[in-house]
Amino acid sequence: MKNRHNLDQIIWQVVAAIPPGKVMTYGQVAKLCGYPGYARYVGSTLKKLPDDSTLPWHRVINAKGKISFPPESESYQKQKYLLQKEGVLMVGSRIKLMDYAWRE
7 MKNRHNLDQI
17 IWQVVAAIPP
27 GKVMTYGQVA
37 KLCGYPGYAR
47 YVGSTLKKLP
57 DDSTLPWHRV
67 INAKGKISFP
77 PESESYQKQK
87 YLLQKEGVLM
97 VGSRIKLMDY
107 AWRE
């Protein structure tokens with residue numbers, strides 16, 4: 007891939023635009039950025055965000071409607087808390103994409 011820095015910025019812009027109470031999958035973000043098939047790259051880009059970032063990274067989940075962190079991890083608990091605080095409900099360990107997916 008040529009310019010990773012530009013793609014990172016596009017990813018950040020797309021994620022920043024996800025409204026509270028909505029989610030997108032890593033694949034949806036990649037596709038919207040013009041890079042279908044780069045879902046893992048989206049994940050690795052978000053993983054590199056500094057701890058004090060205000061980007062709503064927590065609104066990005068996997069294609070199964072799940073949080074990608076291990077359930078026992080602090081990151082999982084933080085993401086779950088932030089989503090629930092915005093009104094995103096989980097049924098078991100899943101978020102119903104039919105109800106909460108943001109389609110720009």
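Numbering-wise, the numbering used here comes out as the position in the sequence shown, counting from 1, plus 6.
Yeah, the Cβ is synthetic: ideal placement off N, Cα and C, and Gly gets one too.
Computed from a predicted model, the values in this text were never measured in an experiment.
- Based on Cα-Cα distance, which residue from S99, P42, E92 lies nearest to E78? Closest by alpha carbon: S99.
- Query: Do you know offhand how far R46's Cα is from Y32's?
  - Reply: The straight-line gap from Cα to Cα measures roughly 7 Å.
- Which ranges does the alpha helix (DSSP H) cover as unbroken runs of at least 4 residues, wholly within the segment 25-74, from first to last along the chain? Listed in chain order, the complete alpha helix (DSSP H) runs (minimum 4 residues) inside the segment 25-74 are 32-38, 45-53.
- Item | Option nearest F115 by Cα separation, candidates D58, L95, S50 | The requested residue 115 is not part of the displayed model; the chain covers only 7 to 110.
- Query: Does the beta carbon of H64 come closer than 8 Å to any beta carbon on chain B?
  - Reply: The structure shown has no chain B; it contains just one protein chain.
- Query: So what's R10 in DSSP terms, helix, strand or just coil?
  - Reply: Reduced to three states, the DSSP call for R10 is helix.
- Query: Buried or exposed: L89, going by 16 or more other Cβ atoms within 10 Å of its Cβ?
  - Reply: The residue is buried, with at least 16 neighbouring Cβ atoms inside 10 Å.
- On the DSSP bridge assignment, give the partners of Q96 in chain order. The displayed chain sequence assigns Met, not Gln, to residue 96. The beta-bridge partner set that DSSP reports for M96 consists of I101.
- Just tell me which of V29, Q15, I17, A23 has its CA closest to the CA of L95. Ranking V29, Q15, I17, A23 by Cα distance to L95 puts V29 first.
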